[in-house]
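Protein sequence lines, in the order shown, are assigned to chains A and B. Residues 1 to 289, numbered by my numbering, are exactly what the first sequence covers, in order. Residues 1001 to 1289, numbered by my numbering, are exactly what the second sequence covers, in order.
There are 2 protein chains.
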Amino acid sequence: MEIWQQLRAMGEEFTPTSIQATHKLFAPLALTPAQAGAVVQRNLAYGADPRHRLDVFHGPLAAPRPVVVFVHGGGFVGGDKGGADAPFYNNVGAWAVRSGFVGVTMTYRLAPSAVWPAGATDVGAAVGWLQANIARFGGDATRIVLVGQSAGATHVAGYLAGHGGTSDARPEVMAAALLSGFYEPDAFHVDPMQETYFGSDRGRYPAQSTVLALAASTVPCLFTISEFDLPLFHAQLAAVFAARVAMRGRSPQLLYLHGHNHFSSSLQLGSAIDSLGPALVSLAQATQG
Amino acid sequence: MEIWQQLRAMGEEFTPTSIQATHKLFAPLALTPAQAGAVVQRNLAYGADPRHRLDVFHGPLAAPRPVVVFVHGGGFVGGDKGGADAPFYNNVGAWAVRSGFVGVTMTYRLAPSAVWPAGATDVGAAVGWLQANIARFGGDATRIVLVGQSAGATHVAGYLAGHGGTSDARPEVMAAALLSGFYEPDAFHVDPMQETYFGSDRGRYPAQSTVLALAASTVPCLFTISEFDLPLFHAQLAAVFAARVAMRGRSPQLLYLHGHNHFSSSLQLGSAIDSLGPALVSLAQATQG
């Protein structure tokens, strides 16, 4: 299939050009809210900052449904949930509705103006807002599933680890999916993107890591890695894998995404070639048990 | 579904009772050679020992097809390919034919009479026999895919690592799948089963490990782990995962088998609830590219 050849040809390329090219490959396949019969409430404020915004996608109001919240990537300094006309991440909201969930896409504050743990704090604030408000859109506030990609996965992990602030209780979500995440700043690797969010004080890196919290977490977590992810993302998952096995005697739940790159994992959601959606459906449905 | 509840109730139990119970759960679902339209040639000798036997499953002879070879588990001291009336592992041969392959199930010599690296040697001998003979059953000797479970995965890994003896060249197989494998004897863990095959001389353990060879291998390998595998199998995969990331900068290809235990991973092949077969089909078909 043409799209797989083009992804393979791009390989691990991690540039604005490769992001745009990947978006272009998947845009024609993107499921739209209209196709899913989704009603969308856009730019609801879950906090005071202009980036504290979320879109809610829902179908006809019926029995309360699990709520799937997507937290976009963008290297801590960029990215967006997308507007009404953007294919992404309206695809995620549309996919959620088609799958029987309420969908949410959210933005959060960005570095360098908002640094660690702002992302985790914002995920926590959005969860709090959803707990108070999602019922009127048909969502079940007791069954929230977080899905974060790249920096979004970092922020979901930070929230699960309690880095967001107030709560040291069990996070009030039922499950999480972490796509090509960055789980701890790496003192061996000089990375401007990492320093922009986590800072350059390596003495703080151990406390900023989410690896041990993810290993210990009782919240079911699904981790994905893409075949053409940069080695650093494979190494990040290896750290979680080793810690989870050491601490719990078992592997994390994993999904290896053949043929995908760092960006395409979430762009495929809802498309005809979606290899992630079914795993997320299983994860979210398991929260009903 | 009833079967999943029963597997979950058994959990990690690793006893003759749990093996029998797992077989009993899957036997009614087992695909038969007759259902797959497979012709079976049984107990072909690939060597001098009575355990040097393999069964070949094939459909109508046509263009040469990939050959999928199943190497059973049994803790190094037991297990069998099964006879004509056994549901297992006729299911594997039947699944292979239904999937467009030639299927092979093989036995090998057992410990304590045959110790390391006898299993790897036997896998190599079977591969050699297939290279010379499989064409007359419609198989393509240049497209052999090895599938090993538990001790069978150990032996496939040993073959890939060149422990079988003669060849230090690239193994003459196109791909391998390793299900809940045991990749290196563990000096931290006293395990009679391990010692029966690898011996008790811990000084030899590093040379008997297949972890670094698997990490370095250019043969595409798919690793599976079952949710209810014992912690030691999760730890074995963690070692491969870490080594692969360190050596190649990328994760191994992984399939996490939700709801499965150590034994059910291969018993499900060809059944209506088979979550492994499609991944093996992808692996084998990729060898055609």
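Idealized CB from N, CA, C, for every residue including glycine. Everything numeric in this text was worked out from a predicted model, so none of it was measured.
>> Considering just the uninterrupted stretch of the beta strand (DSSP E) at MET174/A, what are its terminal residues?
In response: The residue labelled residue 174/A in the question sits at position 174 within the first sequence. Premise fails: MET174/A is in no beta strand (DSSP E) and is neither H nor E.
> Distance, Cα to Cα, PHE241/A vs LEU1044/B?
Replying inline: Your numbering for residue 241/A matches position 241 in the first sequence. Your numbering for residue 1044/B matches position 44 in the second sequence. Rounded to whole angstroms, PHE241/A to LEU1044/B spans 42 Å at the Cα level.
>> Considering only their Cβ atoms, is the gap separating LEU54/A from VAL104/A smaller than 9 Å?
In response: Locating residue 104/A in the first sequence gives position 104, counting from the first residue. Locating residue 54/A in the first sequence gives position 54, counting from the first residue. Yes, these two residues count as a Cβ contact at 9 Å.
>> If I measure Cβ to Cβ from LEU7/A and keep anything under 8 Å in the same chain, skipping five residues before and after, which residues do I get?
In response: Locating residue 7/A in the first sequence gives position 7, where the first residue counts as 1. Excluding positions up to five away in sequence, the list reads THR22, LEU25, PHE228, GLY259, HIS260, ASN261 and SER264.
> Would you say PRO1231/B faces chain A, with C-beta separation under 9 Å as the test?
Replying inline: Position 231 of the second sequence, counting from 1, holds the residue named residue 1231/B. Yes, contact with chain A.
>> To the nearest angstrom, how far is the alpha carbon of ALA1132/B from that of GLN1268/B?
In response: Position 132 of the second sequence holds residue 1132/B. Position 268 of the second sequence holds residue 1268/B. Rounded to the nearest angstrom, the two C-alpha atoms are 31 Å apart.
>> Just to confirm the assignment: which complete alpha helix (DSSP H) runs, minimum length 4, are found wholly within the region 171-221 of chain A?
In response: Along the length of the region 171-221 of chain A, whole alpha helix (DSSP H) runs at least 4 residues long occupy 192-198, 205-208 and 211-216, reported in chain order.
> Tell me which same chain residues have a C-beta within less than 7 Å of the C-beta of ALA1086/B, skipping the five on either side of it?
Replying inline: One-based indexing of the second sequence puts residue 1086/B at position 86. Cβ within range, chain order: n/a, list empty.
> DSSP state of ARG51/A, grouped into three classes?
Replying inline: The residue given as residue 51/A occupies position 51 in the first sequence. In the structure shown, ARG51/A sits in coil (DSSP, three-state: anything other than H, G, I, E or B).
> How is GLY277/A classed by DSSP in three states: helix, strand or coil?
Replying inline: The residue you call residue 277/A lines up with position 277 of the first sequence. GLY277/A: helix per DSSP, three-state reduction.
> On the three-pair Cβ rule with 8 Å, is the region 1269-1280 of chain B touching the region 1242-1249 of chain B?
Replying inline: no
>> Tell me which residues share the same chain as GLY124/A and place their Cβ nearer than 6 Å to its Cβ, disregarding the 5 neighbours each side in the sequence.
In response: If you number the first sequence from 1, residue 124/A lands on position 124. Counting only Cβ-Cβ distances below 6 Å, and skipping sequence neighbours, we find TYR159 and GLY164.
>> I'd like the list of long-range same chain contacts for PRO185/A, defined as Cβ closer than 6 Å, with 5 residues on each side in sequence excluded.
In response: If you number the first sequence from 1, residue 185/A lands on position 185. Cβ neighbours of PRO185/A beyond the five flanking positions: GLN194, PHE198, TYR205 and GLN208.
>> Given this structure, state the Cα-to-Cα distance separating PRO1192/B from ALA1157/B, to the nearest angstrom.
In response: The residue given as residue 1192/B occupies position 192 in the second sequence. The residue given as residue 1157/B occupies position 157 in the second sequence. Their backbone Cα atoms lie some 20 Å apart in a straight line.
>> DSSP three-state label for GLN1236/B, please.
In response: As a working mapping, residue 1236/B is identified with position 236 in the second sequence. Three-state DSSP puts GLN1236/B in a helix.
> Would VAL1040/B pass as a contact of ALA1126/B if the rule is Cβ separation under 9 Å?
Replying inline: Counting from 1 along the second sequence, the entry for residue 1040/B is found at position 40. Counting from 1 along the second sequence, the entry for residue 1126/B is found at position 126. No, the pair does not count as a contact, with Cβ atoms beyond the cut-off.
> Taking C-alpha atoms, which residue in VAL1092/B, PRO1064/B, GLY1059/B and PHE1076/B lies nearest to ALA1027/B?
Replying inline: The residue you call residue 1027/B lines up with position 27 of the second sequence. Ranking the options by Cα distance to ALA1027/B, first place goes to VAL1092/B.
>> Give me the residue from ASP122/A, PRO16/A, LEU29/A and THR196/A with the minimum Cα distance to PRO50/A.
In response: The count along the first sequence starts at 1 and reaches residue 50/A at position 50. Comparing Cα positions, the closest option is ASP122/A.
> First and last residue of the alpha helix (DSSP H) that includes LEU29/A?
Replying inline: Mapped onto the first sequence, residue 29/A falls at position 29. No alpha helix (DSSP H) holds LEU29/A; DSSP gives it neither H nor E.
> Could one say the Cβ of ALA86/A lies closer than 9 Å to chain C's Cβ atoms, at least one of them?
Replying inline: Protein chains in the displayed structure are A and B, and chain C is not among them.
> Can you pull the DSSP bridge partners for MET1106/B?
Replying inline: The count along the second sequence starts at 1 and reaches residue 1106/B at position 106. Paired residues: LEU1054/B and VAL1071/B.
> Within the 9 Å Cβ cut-off, does GLY242/A reach chain B?
Replying inline: If you number the first sequence from 1, residue 242/A lands on position 242. It should be pointed out that residue 242/A corresponds to Ala in this sequence rather than to Gly. With its beta carbon less than 9 Å from one in chain B, ALA242/A belongs to the interface.
> Hey, out of PHE1233/B, ALA1135/B, ASP1080/B and ALA1141/B, whose CA is closest to GLU1172/B's CA?
Replying inline: For the purposes of this step, residue 1172/B is taken as the residue at position 172 of the second sequence. The shortest C-alpha to C-alpha distance from GLU1172/B to any of PHE1233/B, ALA1135/B, ASP1080/B and ALA1141/B is the one to ALA1141/B.
>> Residues in the same chain with beta-carbon distance under 8 Å from ARG109/A, minus the five sequence neighbours each way, listed in chain order, please.
In response: As a working note, residue 109/A is residue 109 in the first sequence. Contacts found: ASP49, ARG51, HIS52, ALA118, GLY119 and ASP122.
>> Is GLN41/A close to chain B? Criterion is C-beta to C-beta, closer than 9 Å.
In response: Residue numbering aside, residue 41/A sits at position 41 when the first sequence is read from its first letter. Output row for GLN41/A: interface = no.
> Whose Cβ in chain A lies nearer than 7 Å to the Cβ of ALA1216/B?
Replying inline: Looking up residue 1216/B in the second sequence gives position 216. Ordered by position in chain A, no residue passes the 7 Å Cβ test against ALA1216/B, which lies about 15 Å from the chain.
> Taking C-beta to C-beta, are ALA153/A and VAL71/A nearer than 9 Å?
Replying inline: Along the first sequence, one-based indexing puts residue 153/A at 153. Along the first sequence, one-based indexing puts residue 71/A at 71. Yes, they are a contact pair.
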